[in-house]
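*Asks:* Can you keep this structure in mind? I'll have questions shortly.
Right, here's the structure in full:
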């Protein structure tokens with residue numbers, strides 16, 4: 022086996038064994054190469070069919086065994102923390118948020134929120150005034166892709182969001198909404 026093949030296998034191994042995102046810089050240090058080499062390796066690994074999720078904060082290996090559901094919610098700005106914490110407290114991840122804008126169509130942003138710490142970081146970025154919540158483009162209506170290790174967790178998330186009054190009755194994603 023070549024050094025390149027071994028390095029790519031090690032990248033997969035590192036991502037498999039990490040519960041958090043792993044930055045390109047961190048991978049480069051661990052493997053003794055430049056970050057650019059890591060970026061190229063990731064591109065090749067993806068082309069080979071590896072399900073690697075990339076963000077500006079790092080990489081993660083997608084777990085294809087996870088359960089995923091898109092839900093429609095609506096709430097005021099002051100309820101964002103309550104909504105996000107309700108989801109992560111039940112053990113689910115908020116993969117993204119998106120809206121269906123009447124002019125622009127679907128606008129989607131990756132969130133990758135898995136913990137209360139991630140929620141706090143997200144809220145501090147919103148409160149800094151850099152940007153507004155995406156839901157404000159569509160009178161508070163928005164969708165989240167929620168991911169969990171078990172179907173029961175997704176069911177619990179829906180029940181909790183319904184109890185809080187955030188879950189929309191047409192909660193399943195419909196491209197006509």
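Numbering (my numbering), first residue to last: 22 to 198. Beta carbons are placed, not taken as given, at the ideal position from N, Cα and C, and that holds for glycine.
Pull up the DSSP beta-bridge partners for residue 131, would you.
*Replies:* Residue 131 is bridged to 117.
*Asks:* For residue 77, is the classification buried or exposed, using 16 other Cβ atoms within 10 angstroms of its Cβ as the cut-off for buried?
*Replies:* Looking at its Cβ environment, which holds fewer than 16 other Cβ atoms inside 10 Å, residue 77 is exposed.
*Asks:* Do residue 129 and residue 117 come within 7 Å of each other at the CB atom, strictly closer than that value?
*Replies:* Yes. Within cutoff.
*Asks:* Taking just the CA atoms, how far does residue 25 sit from residue 107?
*Replies:* The straight-line gap from Cα to Cα measures roughly 43 Å.
*Asks:* If you check the beta carbons only, do residue 134 and residue 115 fall under 7 Å apart?
*Replies:* Yes, they are a contact pair.
*Asks:* List the endpoints of the continuous beta strand (DSSP E) containing residue 7.
*Replies:* In the structure as shown, the chain starts at 22 and stops at 198, and residue 7 therefore has no counterpart that could be examined.
*Asks:* For the beta strand (DSSP E) holding residue 46, just list the boundary residues, first then last.
*Replies:* Not the beta strand (DSSP E): residue 46 falls in the alpha helix (DSSP H), residues 45-52.
*Asks:* Out of 30, 132, 88 and 54, which has the shortest C-alpha to C-alpha gap to residue 232?
*Replies:* Because residue 232 is not part of the residues shown, which for the chain are 22 to 198, the question remains open.
*Asks:* Out of 53, 88, 65 and 80, which one is the CA nearest neighbour of residue 167?
*Replies:* Comparing Cα positions, the closest option is 88.
*Asks:* Compare the Cα-Cα distances from residue 123 to each of 159, 189, 141 and 80 and report the closest residue.
*Replies:* The option with the nearest alpha carbon to residue 123 is 159.
*Asks:* Between residue 197 and the rest of its own chain, which residues show a CB-CB distance below 8 Å, the 5 nearest in sequence each way excluded?
*Replies:* With a pLDDT of only 36 at residue 197, under 50, the local geometry of the prediction cannot be trusted, and the value read off the model is given with reservation. Correct list: empty, nothing qualifies.
*Asks:* Along the chain, where does the beta strand (DSSP E) containing residue 76 start, and where does it finish?
*Replies:* Taken as a continuous stretch (DSSP letters only), the beta strand (DSSP E) holding residue 76 covers 73-76.
*Asks:* In this structure, what does DSSP give as the bridge partners for residue 91?
*Replies:* 166, per the DSSP bridge assignment.
*Asks:* I need the DSSP call for residue 185, collapsed to helix, strand or coil.
*Replies:* Note: residue 185 maps to coil in three-state DSSP.
*Asks:* For residue 97, name the three-state secondary structure that DSSP assigns.
*Replies:* Correct three-state label for residue 97: coil.
*Asks:* Using 8 Å as the threshold, is the region 140-147 in touch with the region 180-189, meaning 3 or more CB pairs across them?
*Replies:* With a cut-off of 8 Å, the region 180-189 and the region 140-147 do not count as touching, because too few Cβ pairs lie within range.
*Asks:* For residue 45, I'd like the list of residues in its chain whose CB is within less than 8 Å of its CB, leaving aside the five on either flank, ordered along the chain.
*Replies:* So the list reads 56, 59, 60, 63, 79 and 80, once near-sequence residues are dropped.
*Asks:* Please classify residue 190: does DSSP put it in a helix, a strand, or coil?
*Replies:* In the structure shown, residue 190 sits in a strand (DSSP, three-state: E or B).
*Asks:* State the CB to CB distance for the pair residue 96 and residue 161, rounded to an integer number of angstroms; the pair is presumed to be in contact (CB under 8 Å).
*Replies:* The pair is a contact, with the Cβ atoms about 6 Å apart (cut-off 8 Å).
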